[in-house]
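Numbering (our numbering), first residue to last: 12 to 752.
Glycine included, each C-beta is placed from N, C-alpha and C at the ideal position.
Every value quoted in this text rests on a predicted model; they were computed, and no experiment measured them.
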């Protein structure tokens, strides 16, 4: 064994020397492969762990925080919401359909491994410009993969977000989230306790697909990346459905002590992590592993990432009962090992010892790096947007045209082309469909509902990663509040470039601090998550993209709101008065070609109060529609409210400009802590009383009705657009850009 072979496995010379010290000898090839995947960024979090410790992870509703297959929070009535978000970026860039499909399969298994039935999924997608034919193909393949897998398994994809930017031209992002419901006192963990207990393999037979998938996800791409296509796993959603139902049946009986999905690093990670959590050892018998290809070596069997497989530690003496359940569901199942008290991973191949490694060397004693941090040298220049220079940016002659242009930007445009491919109504729990600020699903058998949202503005994070991280949390919570839900907890997917670059680690550390501050202020602890580094190609990294998914609770699912206006003559109200900013705005980027300035400021106390007013008003039955203002500012938010109801409807709006701001800043400037409400005339006084009680600024800015969206600023009419034309610009833009309209 040489350092050159170790380097081909993604291990540094120092890491190889550390392996030799752990073993007291040179590793064999199987042991080297095991170390390489367990010490990869994807599995060990070796560059991020020191920063992730700063997240708030506890709270009165938290049942399970980070460290398990998924997080869990108490939603009352003896039930828990179980959820997690994961990335499948690298595989999806190489093979978009299977990469995205197996990403869905993996996150579903993370949730039902905990004993929860999956009830809803979200996705968050990033691509390069759709003017590039390759990215049109990637988008079509990813959406087909997500829908093909999720629809077959029978879990609705109820929402998500999609954005395109040149920074993702070499690395797309595919982040997937799943929510499940479980009995709070019947959660299962991935732990291998009880010396002598049998270790049982169940699910698809093992093949050679996905070998070194975890290592691939821990390296940047180059011009040879297409050669990595064999490392992309192949999914079978029908087997996944059988596995889901069989596992949930198994969990209804008292037969097992631990269960884990064979995800990244396959049999290696599942066995090592289960033993590591329990402080035990584990012995595996590879000749017993169900396989679909002849001649597989111990190296291949341990590192394969074939999908739809689980590892179970059963109670001794219950093996036959466990196996009978899986045989009934026509799933391959075999006893392939046992729990030991040795503290080692011992791998046998027939009568031959294939590997023997201390479990702690692979888990808790894996390398942890506090990598160098350096603020980018051009950071000040990025943030420089001198107000005195703004007049050089000519204000638009046709504000209506600008509005139509912004409504067609992929991140703002209606996602109907995507949504139509997802079965978002399967299981009949979806009560707010895709397209509103948050999706809402019913907790069957109760009056309650859960609201789901996923958010991140990567441009904000590029300009100020700390504020961008905080703004992502604030917007996710605001979206839930606009549905009437109380935000409960967060799962994240932190997508960044190479951790070997000090500038990347500065962005990462700053984003973690921003997320931490906002989560602490809003009472939304981080209960699970994922880090995806090395999103680079030939040294060019993505914009920092710390994706935030959040879950909120509606005690009465009937007391909710959606974002679309629907009732002629209702008042349009604005909560919050933070002025819009052009810095970092979609308007500045799309209309003027500039990505500069500072993102919107964030007063977390005001944010909390604005959201509280919105939720209280919705629960009191005062609000017909609620929508937060985000990308594109007030004008875009108003247009979205007009277009996303049961049918397009107009509005007449007069925005004041007491500070003398430019009209384009009033219309398209972006700000946090602002919510647009539609309220019946007779309920305005009650609404105002709630706002006053919370010391939240409150303005009437217009009236719902008509066939046009008319907006004036300081009495000057600037926008007068037929809603039919705006609807066409917004609803059909994505399909047109993909060439499928």
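Using a Cβ-Cβ cut-off of 8 Å (strictly less than) and excluding sequence neighbours within five positions of residue 727, which residues of its own chain qualify? 674
Please give the ranges of any beta strand (DSSP E) in the region 618–694, keeping only runs that are unbroken, at least 3 residues long and fully inside the region. 636–639, 662–666 and 686–690
Are there three or more Cβ pairs, one per stretch, closer than 8 Å when the region 529–546 is compared with the region 589–607? no
Please state the DSSP three-state secondary structure of residue 445. strand
Do you know how far the Cα of residue 731 is from the Cα of residue 738? 14 Å
CA nearest to the CA of residue 340, picked from 256, 314 and 296: 256
Which residues bound the beta strand (DSSP E) around residue 175? 168–175
Through-space distance from residue 700 to residue 77, alpha-carbon basis: 41 Å
Within 8 Å, do at least three Cβ pairs link the region 381–392 to the region 694–714? no
From residue 75 to residue 199, what distance separates their C-alpha atoms? 10 Å
Can you give the Cα-Cα distance for residue 121 and residue 272, rounded to whole angstroms? 6 Å
Excluding the five sequence neighbours on either side, which residues of its own chain have a C-beta within less than 8 Å of the C-beta of residue 407, listed in chain order? 413, 602 and 675
Spatially closest choice to residue 501 from 480, 263, 736 and 425, by CA coordinates: 480
Only counting the same chain, and skipping five residues up and downstream in sequence, which positions put a Cβ closer than 7 Å to that of residue 582? 690, 692, 695, 711 and 714
Could you pull out every residue in the same chain whose Cβ sits closer than 7 Å to the Cβ of residue 573, ignoring the five residues on either side in sequence? 443, 447 and 636
Considering only DSSP beta bridges, list what residue 458 is partnered with. In the DSSP output, where bridge partners are listed per residue, residue 458 has none listed.
Taking buried to mean at least 16 other C-beta atoms within 10 Å of its own C-beta, is residue 613 buried or exposed? buried
Within 10 angstroms of the Cβ of residue 455, are there 16 or more other Cβ atoms? Answer buried if so, exposed if not. exposed
Would you kindly report the start and end of the unbroken alpha helix (DSSP H) that includes residue 437? Residue 437 -> no alpha helix (DSSP H), and no H or E assigned at all.
Using DSSP's beta-bridge definition, name the partner residues of residue 212. 322 and 345
Specify, as a first and last residue, the run of the beta strand (DSSP E) that residue 733 falls within. 727–733
Collapsed DSSP secondary structure at residue 741 in the structure displayed: helix
To the nearest angstrom, how far is it from the Cα of residue 2 to the Cα of residue 27? Past the edges of the chain, shown from 12 to 752, lies residue 2, and the structure says nothing about it.
Is residue 571 helix, strand or coil by DSSP? coil
For residue 165, which option in 682, 254 and 206 has the closest C-alpha, if you only look at C-alpha atoms? 254
Exposure of residue 23, with buried meaning 16 or more beta-carbon neighbours within 10 Å: exposed
To which residues of the same chain is residue 734 closer than 7 Å at the C-beta, ignoring the five residues directly before and after it? 653, 654, 659, 660, 661, 718, 719 and 720
If we define contact as Cβ-Cβ less than 8 Å, is residue 130 a contact residue for chain D? Among the chains in the structure shown there is no chain D, since it carries only a single protein chain.
Does the region 552–565 come into contact with the region 454–473, if we say contact requires no fewer than three beta-carbon pairs (one atom in each stretch) closer than 8 Å? yes
Evaluate residue 9 with the Cβ neighbour count: other Cβ atoms within 10 Å of its Cβ, from every protein chain shown; 16 or more gives buried, anything less gives exposed. Residue coverage of the chain in this structure runs from 12 to 752, which leaves residue 9 outside it and unanswerable.
Own chain partners of residue 326 with C-beta closer than 8 Å, once the 5 adjacent residues on each side are dropped: 205, 208, 265, 266, 267 and 268
Assign residue 97 to buried or exposed, taking buried as 16 or more other Cβ atoms, counted over all protein chains shown, within 10 Å of its Cβ. buried
Who are residue 135's beta bridge partners in DSSP? 172 and 186
Less than 8 Å between the C-beta atoms of residue 477 and residue 525, yes or no? yes
Measure the beta-carbon distance from residue 593 to residue 684 and round it to whole angstroms, keeping in mind my assumption that it falls under 8 Å. Between residue 684 and residue 593 the Cβ distance is about 17 Å, and since that is not below 8 Å, they are no contact.
Measure the Cβ-Cβ separation of residue 86 and residue 131 and say whether it is below 8 Å. no
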